[in-house]
Amino acid sequence: MKLLIAIFLACATTLALADASDPDPWAFKLSSSYYASSQQLAATDVNLRAKRESETFWLGHYQRGSEFEQTRVGYEHAIEFANVQIVPSLQLASKGFIGGSLNAQVGNDSVYGIVGLGRTNLKDYYNLNFDPNDAVTFGMGTKRIPGADFSIFTVQDNRLGTGQTVIHALWRQNFDRQRRLTVDVSHKRGRPDETAPSVAGNAVSVTLDERDVFVRLAREQKANFLASDQTRLSFGLRF
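Take 1095 as the starting number for the sequence shown in my numbering and just add one per residue.
In structure tokens, the structure reads:
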């Protein structure tokens, strides 16, 4: 944990030393989340993200009573050329976890394809994405609807034999430059591990962005393919 915090502080120091006259300064987002589960202790998560142009850093800490806690740091870099955007990312977390992904969006605003691959070292990790991490992603989307971005994609385990599959339908609607609504509806099926019984469930997440503040409410059945149903409430501030 101390090493992870030291890595983030080193990154933050680098950002702070950046030229103050830079026309594209770093933008920060601080978010706090509360997770209420039907068969687990309540949990909290605090996350700080720093973004500029194509680079994003983050530092987060998850705590579930005295049962489990984990600190994480991560970095991603978007690479764009022609009609392709490629986003590699790396995340380190306490308890020895290492994970990475490579995602791509291919096409234009009319129609685009979505592909991705994720891998971890299988160490203990509380998955805050709620999709399988050792997985492939594929789907498609469009921005032809005025002010909107709509996509349908699937995240599917392709390593651990769990059959975990999550299908998402994601709608982002920009009402103006300072207000946006995001709705993510998903369906899952699969096993928590190779020998466990299969489960199935649905989820919905609604996010409202208003100027520099956002709030998100989500309800998910069988979160992380476990027995618990979960309600999540998040607040955030951009600065």
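Glycine residues also receive a C-beta, built at the ideal position from the N, C-alpha and C atoms. Here the structure is a predicted model, which is why all the values come from computation and not from measurement.
Bounds of any beta strand (DSSP E) do not take in N1221, whose DSSP letter is neither H nor E. Taking 8 angstroms as the cut-off, the Cβ atoms of F1191 and E1314 do not count as close.
With respect to the C-alpha of G1212, the residue from A1198, S1127, F1175 having the closest C-alpha is A1198. The shortest C-alpha to C-alpha distance from A1172 to any of T1150, K1189, L1186, F1122 is the one to T1150. DSSP places K1282 within a strand segment (E or B) once states are collapsed to three. Residue pairing by DSSP puts K1145 in a beta bridge opposite A1121, T1150. Ranking E1288, S1245, A1290, S1125 by CA distance to the CA of F1232 puts S1245 first. In the three-state reduction of the DSSP assignment, G1235 falls in the strand class. The residue among Q1272, R1166, T1325 with its C-alpha nearest the C-alpha of E1304 is Q1272. DSSP lists Y1156 as the bridge partner or partners of Q1164. Beta bridge pairing from DSSP links T1138 with Y1128, Q1157.
Taking C-beta atoms as the reference points, S1328 and S1131 fail to come closer than 8 angstroms.
Comparing C-alpha distances from R1283 to each of P1291, P1182, L1311 shows the shortest one belongs to P1291.
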